[in-house]
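Residue 229 in numbering that gives the first Met the number 0 sits at position 230 of the sequence shown, with consecutive numbering throughout.
Just so it is clear, CB atoms sit at the ideal spot from N, CA and C, and this is done for glycine as well.
Comments concern the structure below.
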Amino acid sequence: MPSIRAPASKKTATLLVAVKCRPLTEAERRRSRSIIQVFDDKNVVVLDPDLSKDYLDRIQNRTKEKRYCFDHVFGHECTNSDVYKSVRSTITGVIQGLNATVFAYGSTGSGKTYTMAGTQNDPGLMVLSLNTIFELIKTDKSSDNFEVSCSYLEVYNEVIYDLLEKSSGYLELREDPEHGIVVAGLRSIKVQSADRILELLNLGNSRRKTESTEANQTSSRSHAVLEITVKRKQKNQHRSQILRGKLALVDLAGSERASETNSGGQKLRDGSNINRSLLALANCINALGKHQKKGLAYVPYRNRYYTIVLCSKLTRILKDGLSGNSQTVMIATISPADDQYHHTVNTLKYADRAKEIKTHVHKNIGIIDTHVADYQKMIDSLQVEVCRLRKELAEKESLNVKPVEKTSNDEISWLNALSQETGENVQERINLQKALFELEETNLRNRTELQHLDDAITKNKVRDLAYLNTS
Ligand code: ADP
Ligand code: MG
Numbered sequence: 000m001p002s003i004r005a006p007a008s009k010k011t012a013t014l015l016v017a018v019k020c021r022p023l024t025e026a027e028r029r030r031s032r033s034i035i036q037v038f039d040d041k042n043v044v045v046l047d048p049d050l051s052k053d054y055l056d057r058i059q060n061r062t063k064e065k066r067y068c069f070d071h072v073f074g075h076e077c078t079n080s081d082v083y084k085s086v087r088s089t090i091t092g093v094i095q096g097l098n099a100t101v102f103a104y105g106s107t108g109s110g111k112t113y114t115m116a117g118t119q120n121d122p123g124l125m126v127l128s129l130n131t132i133f134e135l136i137k138t139d140k141s142s143d144n145f146e147v148s149c150s151y152l153e154v155y156n157e158v159i160y161d162l163l164e165k166s167s168g169y170l171e172l173r174e175d176p177e178h179g180i181v182v183a184g185l186r187s188i189k190v191q192s193a194d195r196i197l198e199l200l201n202l203g204n205s206r207r208k209t210e211s212t213e214a215n216q217t218s219s220r221s222h223a224v225l226e227i228t229v230k231r232k233q234k235n236q237h238r239s240q241i242l243r244g245k246l247a248l249v250d251l252a253g254s255e256r257a258s259e260t261n262s263g264g265q266k267l268r269d270g271s272n273i274n275r276s277l278l279a280l281a282n283c284i285n286a287l288g289k290h291q292k293k294g295l296a297y298v299p300y301r302n303r304y305y306t307i308v309l310c311s312k313l314t315r316i317l318k319d320g321l322s323g324n325s326q327t328v329m330i331a332t333i334s335p336a337d338d339q340y341h342h343t344v345n346t347l348k349y350a351d352r353a354k355e356i357k358t359h360v361h362k363n364i365g366i367i368d369t370h371v372a373d374y375q376k377m378i379d380s381l382q383v384e385v386c387r388l389r390k391e392l393a394e395k396e397s398l399n400v401k402p403v404e405k406t407s408n409d410e411i412s413w414l415n416a417l418s419q420e421t422g423e424n425v426q427e428r429i430n431l432q433k434a435l436f437e438l439e440e441t442n443l444r445n446r447t448e449l450q451h452l453d454d455a456i457t458k459n460k461v462r463d464l465a466y467l468n469t470s
């Protein structure tokens, strides 16, 4: 089966960064207050949690108040559907062969899983994205064929597990020349509906490593990556072209430092490993953001970013989303509670840096799949085409050449006819001349004879008269 990679034009895209602030939980409401203020859906202010700071401190800049501006900021009253509206246009590109990555970044308990998976009443971005993909496929007017497949993995303690396998072993990362970073042996299941993926998602989520932490009863101790691949087969007369769009939906573990998860032993080890990945991710965001802010068009190989990427499984999996071929959305989740000030500012600092990250988006136009039978059809139709063109050419040639021939032939035959006619005329004239000479000769002879006869008559008359006179 021959495969040809068609060229595709690249477009530089900037990371879309949105901030989502969750409401205060019941427990927080009892012990803390909100320090988050949202303005114009784009600006967020984190107030100084220290209430003792007065007006003078504020105007003399002695407070810890911070202001940030993002593509979108969603306050505690916003639902996941509100957040999704800002992401939807990125998701729709997936059925056109574009890659998209959506990841939630924030400390434990800030609302990452709520934003990505959601609840029955407030479905998350994973659910809403899948609904969009299947809705678009259903209402597509073209005759293209779609194939949707899904994989779900987690990175826990720097080890990759398949969440779609009951008891998955360790999986390894490989660099594939065609598809980039791939997880060897990861199960990819073909799916026909969003509901089927949600079933798989729930099954996978039940297998995720969770622990109860102070921040969250069932805190995800691993990073989970749900990947949806949409293959679109476009058929025209001679070939079938495949567009291959990939959507990565990432629910990260908490971004706080291990010591802050308030756990010990095994938990501390989990925490430090989770954070090694996240630290790498944060450093990546930092390095990429700083690099691109300086106006450097690309990140050179073997610089700090690559060292960071290569040392962490998570960053290697997210490499496309962070600097490669992907339209990427970062949802920074924050808690409004005053005792979370430090985490909130930390999250917003990385989110602010992520605004500078640029990716290079291009369609995965791909692989042209042509069977031998298709080639035979191509050859047959090309031969018919060649015959038709030959005939056309011959007709054109005859149209151009014949009038000239006709003219010269006509002239020649006309000249021939003319010369023949002239010859005939000349002969006729000669004949007539001859006849004239003969007639003149005859006339002359007749005259002479007539003269002789006249002479003879005259002689006879004279003799008769003389005879009479004598007789
Ligand atoms: P994370 O995944 O970041 O550790 P979770 O998503 O598990 O955090 O959220 C922590 C708690 O906050 C959960 O009890 C969750 O139900 C609640 N929560 C998060 N976001 C929202 C929201 N937008 N509306 C209501 N409750 C929320
Ligand atoms: Mg979570």
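Separation of residue j from residue i, as counted between CA atoms
i, j, result
"residue 271", "residue 221", "Summary for residue 271: the model assigns pLDDT 49, below 50, so the residue's position carries little reliability, and this model does not support an answer."
"residue 23", "residue 33", "7 Å"
"residue 10", "residue 247", "19 Å"
"residue 142", "residue 241", "13 Å"
"residue 166", "residue 316", "21 Å"
"residue 320", "residue 99", "7 Å"
"residue 429", "residue 421", "12 Å"
"residue 177", "residue 104", "29 Å"
"residue 62", "residue 39", "23 Å"
"residue 346", "residue 118", "24 Å"
"residue 352", "residue 325", "18 Å"
"residue 328", "residue 69", "12 Å"
"residue 462", "residue 447", "22 Å"
"residue 468", "residue 459", "14 Å"
"residue 434", "residue 455", "31 Å"
"residue 152", "residue 169", "11 Å"
"residue 323", "residue 314", "12 Å"
"residue 194", "residue 202", "12 Å"
"residue 175", "residue 25", "48 Å"
"residue 457", "residue 440", "25 Å"
"residue 438", "residue 465", "39 Å"
"residue 383", "residue 419", "51 Å"
"residue 380", "residue 363", "29 Å"
"residue 355", "residue 50", "34 Å"
"residue 331", "residue 223", "16 Å"
"residue 424", "residue 432", "12 Å"
Distance CB(residue i)-CB(residue j) smaller than 8 Å
i, j, result
"residue 147", "residue 249", "no"
"residue 180", "residue 318", "yes"
"residue 83", "residue 124", "yes"
"residue 19", "residue 45", "no"
"residue 89", "residue 200", "no"
"residue 204", "residue 116", "yes"
"residue 78", "residue 139", "no"
"residue 244", "residue 127", "no"
"residue 114", "residue 253", "no"
"residue 340", "residue 48", "yes"
"residue 359", "residue 8", "no"
"residue 133", "residue 85", "no"
Span of the beta strand (DSSP E) around residue i
i, result
"residue 79", "Counting along the chain, residue 79 falls outside any beta strand (DSSP E), though it belongs to the alpha helix (DSSP H) covering 79-84."
"residue 247", "239-250"
"residue 73", "71-73"
"residue 21", "It is not in any beta strand (DSSP E) - residue 21 carries neither H nor E in the DSSP assignment."
Own chain, CB closer than 7 Å to residue i, minus 5 neighbours either side, in chain order
i, result
"residue 150", "163, 185, 186, 187, 226"
"residue 452", "none"
"residue 27", "336"
"residue 161", "152, 167, 170, 185, 186"
Sequence-distant residues of the same chain with beta carbon closer than 8 Å to residue i, five excluded per side
i, result
"residue 73", "17, 18, 19, 20, 37, 40, 81, 82"
"residue 131", "87, 90, 91"
"residue 35", "20, 43, 44, 45, 46, 74, 75, 333, 335, 343"
"residue 145", "94, 136, 139, 229, 230, 231, 232"
"residue 171", "159, 182, 183, 184"
"residue 397", "none"
N-terminal and C-terminal residue of the alpha helix (DSSP H) that residue i is part of
i, result
"residue 322", "318-322"
"residue 353", "340-353"
"residue 146", "Premise fails: residue 146 lies in the beta strand (DSSP E), 144-155, not in any alpha helix (DSSP H)."
"residue 198", "193-206"
"residue 112", "111-115"
"residue 363", "From DSSP, residue 363 is part of no alpha helix (DSSP H); its letter is neither H nor E."
"residue 134", "124-137"
"residue 91", "87-91"
Supposed close pair residue i, residue j - CB separation, criterion 8 Å
i, j, result
"residue 230", "residue 239", "Incorrect: roughly 11 Å between the Cβ atoms, too far for contact."
"residue 94", "residue 135", "5 Å"
"residue 31", "residue 338", "5 Å"
"residue 251", "residue 111", "6 Å"
Nonlocal neighbours in the same chain, by C-beta distance under 6 Å from residue i, ignoring five residues either side
i, result
"residue 173", "181, 183"
"residue 494", "An answer regarding residue 494 cannot be provided, because it is not within the stretch 0 to 470 covered by the chain."
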